[in-house]
Amino acid sequence: MLEKQPMARGSFHARLRQMGDGVFRAEYSGEINPENPDQREILDYHVGTSAEGVTMWVEEMARRLGYTDVVWERD
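Residues in the sequence shown are numbered from 157 upward in steps of one, following my numbering.
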């Protein structure tokens, strides 16, 4: 059986920060109301030991949620 893909939702926005030596954090909106993502947005994040690993994790999550791409802001 084929897995049903979610409807494309546009671009997912995230910011990558280096928090310390070998510690990286991606910050992004954790939506409470997916039908209206501007209503009650909360901050969510993923932490890892490499920028590449953190970005790969967020990009995979965004694809599974139906986003077409990730727009990165970097500090």
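Glycine included, every Cβ here is placed at the ideal spot set by N, Cα and C.
Continuous beta strand (DSSP E) stretch holding G178: start and end: Looking at the DSSP string, G178 is not in any beta strand (DSSP E), and its letter there is neither H nor E.
Please report the distance separating the alpha-carbon of R181 from that of M175. 7 Å
With a threshold of 16 other CB atoms inside 10 Å of the CB of M210, please say whether the residue is buried or exposed. In the sequence on display, residue 210 carries Val and not Met. The residue is buried, with at least 16 neighbouring Cβ atoms inside 10 Å.
Going by beta-carbon coordinates alone, are R230 and L172 separated by less than 7 Å? yes
Notebook entry, point to check: Would you call the CB atoms of R165 and Y201 closer than 7 Å?
Noted result: no
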